[in-house]
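Number of protein chains: 2
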Amino acid sequence: MPVTVLLVDDEPLVRAGLRAVLEAQPDIEVAGEAADGAAVIPLVRQLRPDVVAMDVRMPLMDGIEATRAVLRTVPDPPKILVVTTFEDDEFVYEALRAGADGFLLKRARPAEIVHAVRLVAAGDSLLFPASVRRLAARYGDGGRPARAALERARLTEREAEVLRQMARGLSNAEIAARLVVSAETVKSHVSAVLAKLGARDRTQAVIAAYESGFVEPG
Amino acid sequence: MPVTVLLVDDEPLVRAGLRAVLEAQPDIEVAGEAADGAAVIPLVRQLRPDVVAMDVRMPLMDGIEATRAVLRTVPDPPKILVVTTFEDDEFVYEALRAGADGFLLKRARPAEIVHAVRLVAAGDSLLFPASVRRLAARYGDGGRPARAALERARLTEREAEVLRQMARGLSNAEIAARLVVSAETVKSHVSAVLAKLGARDRTQAVIAAYESGFVEPG
DNA sequence: ACGGGCCTCCCCCGCACGGGGGAGGCGGTC
DNA sequence: GACCGCCTCCCCCGTGCGGGGGAGGCCCGT
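Listed in order, the protein sequences are those of chains A and B.
Numbering of the first sequence is given in the working numbering, commencing with residue 555 and proceeding in unit increments.
Numbering of the second sequence is given in the working numbering, commencing with residue 555 and proceeding in unit increments.
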């Protein structure tokens, strides 16, 4: 059965764009739309979408509040894919803490948008649109961010182990030696980790590990 | 003038080995030896070495205590290069907090040992023998580690900026675009950063940035 | 006026990395 | 028995990365 998506954005144009992109896919279906965060909860209860594509800036109730509200009040809640622009940097961190499963830049190419929806629908986390990184330098703390976000990425035992080794700065060959497997096997695990985290390379994966609390600095 | 080094290790064999390796270099000179941490402070005051190669496990006063003592009591103190084994993992973190400038594995090859001494003598930090990474998973916190260690790496403005971009997961090409310079220039800066941090690749550099507090997670 | 640090850009080159495939074994579940 | 997830290993292939050089322009301090 197809992945159902609820679009939440105050701009009709953006909703139309997302709808066009997503409905071009045979395995994705737009279940409905909302123009405001306050309208989201009843719609989620009614439509029970797999994924909510949630804008950040909205009148009445912003995307962060709406995310929190949905996750708090709806049993077996949908995945929340937060739609951001470069200007929304400061909200990304809050969204992560609110329990968002992934991020998406409005200016992303259609293929990326589709990919993001499929990824979070499958239970993986998408922690790596470029903008997510920009918060790093800006925010001191305010509480531990969502380790859950990475845990929800459903890494297998072995993949988690490989990620830990990556986060120690080891090369594939070194990891292979330490885990006593072939380099090819390590490459397989690394690729799986990258895919599940939405990371492009090992560096991004390690950053995600730190940012999500999967590994602790110090 | 040559780099002068004070060797501090309770095992004569290790001291002899270090001496042999270092004195084979025309630009490095062993100023003296000590078999115990307690003997270090007077010797440092007397010999004023550029670098102290400090063992961790020693009778009377261990390398961590000695490092703290030297840095606290000696004006214009020498660089401290902590000599560790794989078994000393748990001390590495403390050493970093105590103000050590670099780490060196006893089993390192001669060329690496020489390189490490030259690096810290030049004011750079060597944060990346493999063992340093192993502490990551083990220690919760206990206080902020040495941001100073990375600051002492004397990154230039531009290098620090490039490192920040690296720590956001950007590729060289993306950094080039963002800083409006050529990819070649970025490569130059990246290479300089790796050299100064003693990192092998960008992933290790980013880890060092997190571990040292140069960038903050969350 | 000269040196030195910094930023900038360029060349060549080898290699680890990562994508895209596939495939076999093994332990669970249905 | 059939299925599926996980781990393991293999192939090919392109390329971003990083090392090793060098070089010119700029500002600054002496």
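Just so you know, even glycine gets a beta-carbon here, dropped at the ideal spot from N, CA and C.
Report, in whole angstroms, the separation of the C-beta atoms of residue i and residue j, which I expect to be a contact under 8 Å.
i	j	result
F657 (chain A)	T638 (chain A)	6 Å
G591 (chain B)	L560 (chain B)	That belief does not hold up - the Cβ atoms of G591 (chain B) and L560 (chain B) are roughly 12 Å apart, past 8 Å.
V668 (chain B)	V575 (chain B)	7 Å
V605 (chain A)	P566 (chain A)	Actually they are not in contact, since the Cβ atoms of V605 (chain A) and P566 (chain A) sit about 20 Å apart, beyond 8 Å.
A652 (chain B)	V562 (chain B)	Wrong, their Cβ atoms sit about 14 Å apart, outside the cutoff.
T757 (chain B)	V610 (chain A)	At roughly 30 Å, the Cβ-Cβ gap does not stay under 8 Å, so T757 (chain B) and V610 (chain A) are not in contact.
K750 (chain B)	L709 (chain B)	6 Å
For residue i, decide whether its Cβ has a neighbour in chain A, counting only Cβ atoms nearer than 8 Å.
i	result
A731 (chain B)	no
Q579 (chain B)	no
E705 (chain B)	Caution applies to E705 (chain B), whose pLDDT of 47 falls short of 50 and renders its modelled position unreliable; the model cannot decide the point.
V760 (chain B)	yes
Whole angstroms are fine: how far does the CA of residue j sit from the CA of residue i?
i	j	result
E716 (chain B)	V598 (chain A)	Here the sequence assigns Val to residue 716 (chain B), which means Glu is not the residue at that position. Distance between the alpha carbons of V716 (chain B) and V598 (chain A): 43 Å.
V739 (chain B)	L673 (chain B)	One detail in the question is off: residue 739 (chain B) reads as Thr in this sequence, not Val. Roughly 23 Å separates the two Cα atoms.
G752 (chain B)	L733 (chain B)	24 Å
D564 (chain A)	M612 (chain A)	6 Å
D630 (chain B)	V747 (chain B)	25 Å
E666 (chain A)	P580 (chain A)	16 Å
P664 (chain A)	A593 (chain A)	26 Å
M608 (chain B)	A762 (chain B)	21 Å
G723 (chain B)	A578 (chain B)	41 Å
G767 (chain A)	L601 (chain B)	45 Å
E728 (chain A)	K660 (chain B)	19 Å
M720 (chain B)	A623 (chain B)	36 Å
Y764 (chain B)	L625 (chain A)	31 Å
I595 (chain B)	L614 (chain B)	13 Å
I634 (chain A)	G571 (chain A)	18 Å
A731 (chain A)	D755 (chain B)	19 Å
P556 (chain A)	H743 (chain B)	48 Å
A737 (chain A)	S745 (chain A)	12 Å
I582 (chain A)	A649 (chain A)	24 Å
R718 (chain B)	N726 (chain A)	24 Å
P603 (chain B)	R573 (chain B)	14 Å
Would you mind working out which of the options sits nearest residue i, comparing C-alpha positions?
i	options	result
T558 (chain B)	B:I618, B:A675 and B:V568	B:A675
A714 (chain A)	A:S736, A:V769 and A:A607	A:V769
R569 (chain A)	A:P580, A:A589, A:A578 and A:D755	A:A589
V584 (chain B)	B:S725, B:V671, B:V610 and B:L614	B:V671
G617 (chain B)	B:A654, B:S742 and B:E711	B:A654
V735 (chain B)	B:R718, B:V605, B:R712 and B:A749	B:R712
Within the 8 Å Cβ cut-off, does residue i reach chain B?
i	result
A649 (chain A)	no
R626 (chain A)	no
R756 (chain A)	yes
G723 (chain A)	yes
Going along the chain, which unbroken runs of the beta strand (DSSP E) with 3 or more residues stay wholly within the region 585 to 650 of chain B?
605 to 609 and 633 to 638
Quick one: complete alpha helix (DSSP H) runs, 4+ long, within the region 732 to 772 of chain B?
737 to 751 and 756 to 765
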